[in-house]
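*Asks:* Below you'll find the structure I mean.
Residue numbers (the numbering used here): 131 to 398.
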């Protein structure tokens with residue numbers, strides 16, 4: 131096998147891997163932004179998705195341009211997103227009462243930006259002063275508790291995204307009504323299937339195959355039941371149409387004055 135043939139195969143493999151990683155990145159970004167910009171912030175979901183995707187694009191370009199480790203990819207993390215969703219809920223709850231939902235969006239966006247800056251600064255200092263070994267002094271119960279808490283936040287947040295109802299003892303019975311079951315039960319079954327598959331295979335095409343299969347099953351179900359796209363949107367099964375002009379609207383300096391810093395400080 132000559133060198134040109136090897137280079138061609140490597141190029142095809144790299145392009146395929148890039149497409150797979152990009153697809154997974156887009157799906158995860160949309161999922162986590164839906165988690166953060168839910169409830170009272172749902173009307174700003176399109177801008178939230180744009181914020182997640184554009185941020186990921188910048189990080190990817192920086193990593194490729196200046197990163198020292200080849201083969202490393204950037205992807206949104208579910209743990210921080212779960213914590214941001216809690217903070218976003220508190221911010222929107224405090225500001226929506228004053229009928230200022232736009233201020234709620236900019237306050238949440240400012241919180242995401244500040245958390246990103248603080249996290250980046252913390253990791254820079256850890257690397258600069260060789261403090262990585264300090265993780266040995268974090269007790270296992272703390273790590274386990276954090277993972278369990280994050281898992282609960284993701285689970286309850288996912289149910290809220292699918293049903294529009296926060297998960298609690300007072301709303302638990304509502305989840306088993308016929309109109310609600312169709313919203314969250316397919317998602318729960320899908321989650322169990324995904325867990326079963328990924329525990330038994332780590333092939334790089336698993337996630338794209340899962341996403342493609344889920345989309346095929348969903349739209350086939352709509353076709354067989356005679357459900358239109360508009361009806362699926364009104365039933366809460368699909369995102370509402372995005373406004374014209376694109377997902378990403380750059381922030382301006384005037385937006386700083388729309389941030390409620392007191393509410394933001396109470397949530398950080």
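Using N, Cα and C, we set each Cβ at its ideal position, and we do this for glycine too.
Residue 183: which of 216, 161, 168 and 141 sits nearest, CA to CA?
*Replies:* 161
*Asks:* Going residue by residue through the segment 177 to 252, where are the continuous alpha helix (DSSP H) segments of at least 4 residues, counting only ones entirely within it?
*Replies:* 208 to 226
*Asks:* So what does DSSP say about residue 354, is it helix, strand or coil?
*Replies:* In this structure, DSSP gives residue 354 a helical state, which the three-state scheme calls helix.
*Asks:* For residue 360, is the classification buried or exposed, using 16 other Cβ atoms within 10 angstroms of its Cβ as the cut-off for buried?
*Replies:* Residue 360 should be labelled exposed.
*Asks:* Find out if the Cβ-Cβ distance for the pair residue 337, residue 145 is shorter than 8 Å.
*Replies:* No, the pair does not count as a contact, with Cβ atoms beyond the cut-off.
*Asks:* So residue 211 and residue 165 are supposed to be a Cβ contact under 8 Å. How far apart are they, rounded?
*Replies:* 6 Å
*Asks:* According to the neighbour-count rule (16 or more other Cβ atoms, all chains shown, within 10 Å of its Cβ), is residue 287 buried or exposed?
*Replies:* Residue 287 sits buried, since 16 or more C-beta atoms from the chains shown fall within 10 Å of its C-beta.
*Asks:* If you reduce the DSSP assignment to three classes, tell me which class residue 397 lands in.
*Replies:* helix
*Asks:* Can you list, in chain order, the residues of its chain whose CB lies under 8 Å from that of residue 231, leaving out five sequence neighbours each side?
*Replies:* 170, 171, 173, 174, 222 and 225
*Asks:* So, is residue 159 buried or exposed, given that buried needs 16 or more other C-beta atoms within 10 angstroms?
*Replies:* buried
*Asks:* Cβ of residue 388 within 8 Å of Cβ of residue 236?
*Replies:* yes
*Asks:* Between the C-alpha atoms of residue 178 and residue 270, what's the straight-line distance to the nearest angstrom?
*Replies:* 34 Å
*Asks:* In this structure, how does DSSP classify residue 168 when only helix, strand and coil are distinguished?
*Replies:* coil
*Asks:* According to DSSP, is residue 268 part of a helix, a strand, or is it coil?
*Replies:* coil
*Asks:* According to DSSP, is residue 378 part of a helix, a strand, or is it coil?
*Replies:* coil
*Asks:* Between residue 242 and residue 214, how many whole angstroms is the CB-CB distance? I'm expecting something under 8 Å.
*Replies:* 6 Å
*Asks:* Give me the Cβ distance between residue 147 and residue 334, rounded to the nearest whole Å; I'm assuming they're in contact under 8 Å.
*Replies:* So it is a contact: roughly 7 Å between Cβ atoms.
*Asks:* Report the three-state DSSP secondary structure of residue 260 (helix, strand or coil).
*Replies:* Here residue 260 carries a coil assignment [DSSP, helix/strand/coil].
*Asks:* Return the Cβ separation of residue 326 and residue 344 in integer angstroms, given the expectation that the two are a contact with Cβ distance under 8 Å.
*Replies:* That belief does not hold up - the Cβ atoms of residue 326 and residue 344 are roughly 14 Å apart, past 8 Å.
*Asks:* Pick helix, strand or coil for residue 343, following the three-state DSSP scheme.
*Replies:* Per DSSP, reduced to three states, the secondary structure at residue 343 is helical.
*Asks:* Nearest-angstrom Cα distance between residue 265 and residue 255?
*Replies:* Residue 265 and residue 255: Cα-Cα distance of roughly 14 Å.
*Asks:* Find out if the Cβ-Cβ distance for the pair residue 285, residue 310 is shorter than 8 Å.
*Replies:* no
*Asks:* Taking 8 Å as the cut-off, decide whether the C-beta atoms of residue 202 and residue 283 are in contact.
*Replies:* no
*Asks:* Helix, strand or coil for residue 300? Go by DSSP, reduced to three states.
*Replies:* coil
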